[in-house]
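Trainee: Handing you a structure now.
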Amino acid sequence: MKKNFPIAVFLIALTFSLSGCFNIFSPLFVDPLTSDLSNVYDTSYLVEIGEYYADMGDYINAKKFFERALQINPTNSRALIGMA
Numbered sequence: 185m186k187k188n189f190p191i192a193v194f195l196i197a198l199t200f201s202l203s204g205c206f207n208i209f210s211p212l213f214v215d216p217l218t219s220d221l222s223n224v225y226d227t228s229y230l231v232e233i234g235e236y237y238a239d240m241g242d243y244i245n246a247k248k249f250f251e252r253a254l255q256i257n258p259t260n261s262r263a264l265i266g267m268a
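Each residue of the sequence shown is one higher than the one before, counting from 185 in our numbering.
This is the structure we're talking about:
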């Protein structure tokens, strides 16, 4: 669970935000777009967020997360597919 904790927190916050139970402007919500990605080394987290933005049609932001994942692991298949 510890490895996937950032993904879980983001997805829970997103779920609550979309359901109206949680305000994304709350100080507890961390926007991955404004976070410093140079300190993030969890490629699973980066790819998950990239896939989320790609699914939403936001390919510019998706690319940022896929590129960071590929900086860490240039052979990450999910990030490579996301960049395709």
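Cβ atoms here follow ideal geometry from the backbone N, Cα and C, with glycine treated the same way.
Using only the alpha-carbon positions, how far apart do Thr199 and Ala192 sit?
Mentor: Those two C-alpha atoms are separated by around 10 Å.
Trainee: Between the Cα of Pro293 and the Cα atoms of Met240, Asp239, Tyr229, Glu251, which residue gives the shortest distance?
Mentor: Residue 293 lies beyond the range of the chain shown here (185 to 268); nothing can be said about it.
Trainee: What first and last residue would you give for the alpha helix (DSSP H) that runs through Ser261?
Mentor: Unbroken alpha helix (DSSP H) run through Ser261: 261-267.
Trainee: Counting only the same chain and skipping the five closest in sequence on each side, list residues whose C-beta sits under 6 Å from that of Phe250.
Mentor: Gly234, Ala263, Gly266, Met267.
Trainee: If you draw a straight line from the C-alpha of Tyr237 to the C-alpha of Leu221, how long is it?
Mentor: Between Tyr237 and Leu221, the C-alpha separation is close to 15 Å.
Trainee: Are Thr289 and Ala253 closer than 8 Å when you measure CB to CB?
Mentor: There is simply no residue 289 to check, as the chain begins at 185 and stops at 268 in what is shown.
Trainee: What are the start and end residues of the alpha helix (DSSP H) that includes Ser228?
Mentor: Looking at the DSSP string, the run of the alpha helix (DSSP H) that includes Ser228 is 227-239.
Trainee: Would you identify the three-state DSSP class for Ser219, choosing helix, strand or coil?
Mentor: Three-state result, Ser219: coil.
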